[in-house]
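A.B. asks: Below you'll find the structure I mean.
Chains as they are written, first to last, in this note's numbering: chain V, 143 to 597; chain A, 4 to 559.
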């Protein structure tokens, strides 16, 4: 008997732990009659703050009209010009209210995230409701804002990363899918944006609809009060089914391209594989989550080889966040090549790094046979869990991290599924993923180097 | 002797505000390796050097992970001449160069393996700024004791500085300098104005250093820098718990940094910037720059401890809040005219630009400067916008702010607080900076932010503007491409009008009068815009000195 008591206690503790919520906050959901999902996450320890977030489930990936790339991003700008120069104009009203206000656009989403004091909740909801349900702007304002977007393009154009992204999109998707171009759009299209007014109106009409949006409110609020306020100000938003996105054409790799850069910069190597659409909790998606550290972290053999042993790379990383999409997306490894090594070895070095990266990814098909495979995977899983927990550090971050997973299946328990999926992951799952996706026909390699220096 | 006395004074000032005064270092009296036979000398025994105490800033947080920072109050301004970049290489060599733990050497690879399960933040990182070097540590609460014993303490107290790691870090630094020149247009301009305005001081070189200087850095240089400046009395600890057991454990770890040192840390007084009169311009020729960027700046005496800090903060919010549409510069250049992505003003060095939306903590400095930043614009518009921002600053100085404008700015400033103090790491970071500035816990930047903003009056704002802002003695930096260099120089050198956007750009239409004359039709609402455009175009820059440098000459 004396032995059994602690055992029972232990079993109870394990059971409790197994059922303990990973996401430390209760999630409350209400769907309005027009189809708008409203999520409230009460975080009373962040006193007096409310984060009011609206996610539109459309980004640059929904831009399919030829010559009109960049519209989703432009529209993000236009949303701040609601009623510009007219009574009740949005931007001055936000200033009057006292709120931090910003937004961003990506492949699958456009995310609006004002932050203010909790006492302003009703007034902020009214302003947000006004612009989402009844956006009003003139063509002149549209043209002025298009100039600001061109300025943003110019700002980004000095970064070789934009060139790599443009080539990658083009090689993987061509022009048939919105993922084929960067979020900011092609230069020619950005320059022609002032003439894209009608296309922009169409984009807004198609995608800025309640069934294609999610409102997430977090902070020092009460859920019932939030539901009532959001319904009052978003209830009139007219429902309309957004167009279905065509699936990307099957990609047939491998493809390889070299690009030149005007200045004599440290060269770049990018190796990407097409990976499947993200499904929270699935084995494939859990593998995608751990690949950032497993292949691009400081403990990864590839990282150590390139950066420490051979010192041919001054930076390296695996971008698995951009791989998470509604449709199949590229999972990319970026290498910044050591300039002195390139000057000595030339393009051969870039080709060798490309081959090293490809070999390392394709060797994951036998990951489970590595001596330390299970132990390393457990370490990475623990890291991921701690990183996600650490990211719940403000109402805005809590809401954004939640929304970014919720958008896939609209399941309030989505983070539990993501955590469970990661916890259940085994080395054999990594093998299976690699066998299926890290194969030459899914691969794109891009090298980029300055015009001067080695050739 | 003088240098040490200054250090003593600085430390005393800094310590008293946050903690009980710590034992002060005594002036150097002898080379630490020299042997002195006091029995043969008719002088009293020489005082011993006693290491001081680290300062500690705490935050009571129940978050599952604990954030810790250890700031060393020396950075690039302490780089010896000819060794620019040493502070940053030393800092990186502490986190990457291996350390001794018991009888073992822990390599960076082993450190990474050990810390992975504790989250990405558990792998120590470091950031070197001009005045400080800050180490960042984060670990789950349930392993914190082990983390301090096995990672934080041995890494800070027993680094081994492996030579091959130092060589690697030097190569990577040279590569980063190359990238700064040629693939980061905004970073290039921001770095250039930082150095140009504070010429003649330790701030006048980039934290990464100079390319040729970095290549001369040796392991001995690194060890010397570490021995000289990594001292308990030069350290500020920030930690997101008030649990005395944890706080004491971290404090004790930092107390043991260079515990065996026998002489005080050298004093490194920060020079005041070179005085200059009139307006000067540095034009940077970046052969392939896709756009131009424009900067204006001049040193100011205001930092966070200055009584005019908050009034000037409010004035700055009005003029050019960073990455926000509220500021006047943003409104006039972007909103009304669509020139670019944004235009801002600063009363402090602002690390993390262009990407950070809010000020990043743990890069404090005593010497500040005022600056304006026009984000990339068409090359042809650069000089027109240099005129525009100078004119707008001059108008601010001439007219000041109205009570209504001050109230609007105060409201905006209160909102900024929501983001500045948004997360636990931010709160800890702010408290570390408070300790750097000698602001007591509870009386720090974020602690008193709202009260300080509320207390600002119109009179204070306008007096601070008049006292500290001027357009008489300013420096400009313009980054432009080779094809546009000559025109930019010529426009800067002459005081002839330089126009920006044309009426065609504004898409005004034309009409024909009955007599056949073609006239522009300017919408009435746009009249103030075009009138101000003309004023900006005619504004004389009166540049007294123009220096042109190819980008490849920078950071050499």
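From the three backbone atoms N, C-alpha and C, an ideal C-beta is built for every residue, glycine too. Model, not experiment: these values are computed from the prediction.
#1: What distance in whole Å lies between the Cβ atoms of residue 524(A) and residue 511(A), which are believed to be in contact at a cut-off of 8 Å?
#2: Specify, as a first and last residue, the run of the alpha helix (DSSP H) that residue 308(V) falls within.
#3: Among 353(A), 522(A), 226(A) and 169(A), which has the Cα closest to the Cα of residue 372(A)?
#4: Looking at chain V, is there any beta carbon in it that lies within less than 9 Å of the beta carbon of residue 528(A)?
#5: Of all the options 498(A), 159(A), 132(A) and 107(A), which has the alpha carbon lying nearest to the alpha carbon of residue 99(A)?
#6: Going along chain A in order, which residues have a C-beta closer than 7 Å to the C-beta of residue 522(V)?
#7: Can you tell which of 463(A), 526(A), 529(A) and 286(A) has the C-alpha that lies nearest to the C-alpha of residue 549(A)?
#8: For a test of the three-state rule: what should DSSP assign to residue 271(A), helix, strand or coil?
#9: Check this for me: beta carbons of residue 355(V) and residue 179(V), under 9 Å apart or not?
#10: For chain V, find out if any of its Cβ atoms is closer than 9 Å to the Cβ of residue 44(A); answer yes or no.
#11: Helix, strand or coil, according to DSSP, for residue 285(A) in the structure here?
#12: What first and last residue would you give for the beta strand (DSSP E) that runs through residue 550(A)?
#13: Indicate, with yes or no, if the ligand GDP has a heavy atom lying under 8 Å from the CB of residue 174(A).
#14: Give the single residue among 507(V), 336(V), 216(V) and 237(V) whose Cα lies nearest to the Cα of residue 570(V).
#15: What's the C-alpha gap between residue 29(A) and residue 82(A)?
#16: Does the separation of the CB atoms of residue 565(A) and residue 90(A) fall below 9 Å?
#17: By the 7 Å beta-carbon criterion, what residues does the stretch 159-178 of chain A contribute toward chain B?
#18: So what does DSSP say about residue 370(A), is it helix, strand or coil?
#19: Grab me the residues of residue 589(V)'s own chain with a C-beta within less than 6 Å of its C-beta, minus the 5 sequence neighbours each way, in chain order.
#20: In three-state DSSP terms, what is residue 163(A)?
#21: Whose Cβ in chain V lies nearer than 7 Å to the Cβ of residue 67(A)?
#22: Residue 149(A): which of 252(A), 428(A) and 539(A) sits nearest, CA to CA?
#23: Return the first residue and the last residue of the alpha helix (DSSP H) that residue 239(V) is part of.
#24: Using a Cβ-Cβ cut-off of less than 8 Å, list which residues of the stretch 404-420 of chain V approach chain A; keep chain order.
#25: Nearest-angstrom Cα distance between residue 332(A) and residue 247(V)?
#26: Any beta carbon from chain V within less than 9 Å of residue 426(A)'s own beta carbon?
#27: Mind listing which residues of the stretch 534-561 of chain V have their C-beta closer than 8 Å to chain A's C-betas, in chain order?
#28: Using a C-beta to C-beta distance shorter than 8 Å, which residues of chain V count as neighbours of residue 422(A)?
#29: Run the CB neighbour count on residue 37(A), radius 10 Å, all protein chains shown included, and call it buried at 16 or more, exposed below.
#30: In terms of DSSP beta bridges, what is residue 246(V) paired with?
#31: Report the residues of the stretch 337-355 of chain A with a CB closer than 9 Å to any CB of chain V, ordered along the chain.
#32: Nearest-angstrom Cα distance between residue 359(A) and residue 204(V)?
#33: Any Cβ of chain V within less than 9 Å of the Cβ of residue 197(A)?
#34: Along chain V, in chain order, which residues have C-beta atoms closer than 8 Å to that of residue 141(A)?
#35: Does the beta carbon of residue 383(A) sit closer than 9 Å to a beta carbon anywhere in chain V?
#36: If we count the other Cβ atoms within 10 Å of its Cβ and call it buried at 16 or more, is residue 563(V) buried or exposed?
C.D. replies: Concretely, from the data shown:
#1: At roughly 6 Å, the Cβ-Cβ gap stays under 8 Å, so residue 511(A) and residue 524(A) are in contact.
#2: 302-315
#3: The residue with the shortest Cα to Cα distance from residue 372(A) is 353(A).
#4: Residue 528(A) counts as touching chain V.
#5: 159(A)
#6: 119
#7: 286(A)
#8: coil
#9: Against a cut-off of 9 Å, the Cβ pair of residue 179(V) and residue 355(V) comes out as a contact.
#10: Its pLDDT being 46, under 50, residue 44(A) is placed unreliably by the model, and nothing is read from it.
#11: Residue 285(A) falls in the strand class under three-state DSSP.
#12: 546-553
#13: Although the ligand GDP was asked about, the structure shown includes no ligands whatsoever.
#14: 507(V)
#15: Summary for residue 29(A): the model assigns pLDDT 31, below 50, so the residue's position carries little reliability, and this model does not support an answer.
#16: Lying outside 4 to 559, the shown extent of chain A, residue 565(A) is not represented and no answer is given.
#17: Among the chains of the structure shown, chain B does not appear; the protein chains present are V and A.
#18: coil
#19: 400, 411 and 492
#20: In the displayed model, residue 163(A) falls within coil according to three-state DSSP, outside both helix and strand.
#21: 531
#22: 252(A)
#23: 232-239
#24: 404, 405, 406, 407 and 408
#25: 25 Å
#26: yes
#27: 535, 536, 538 and 539
#28: Near residue 422(A) (Cβ distances below 8 Å), the residues of chain V are 242 and 257.
#29: Residue placement at residue 37(A) cannot be trusted, given a pLDDT of 34 that sits under 50; what the coordinates show is reported in the next sentence. By the neighbour-count rule (16 or more Cβ atoms within 10 Å), residue 37(A) is not buried but exposed.
#30: In the DSSP assignment, residue 246(V) forms a beta bridge with 253(V).
#31: 337, 338, 339, 340, 341, 342, 343, 344 and 345
#32: 28 Å
#33: no
#34: 532
#35: no
#36: Buried, because 16 or more other Cβ atoms sit within 10 Å of the Cβ of residue 563(V).
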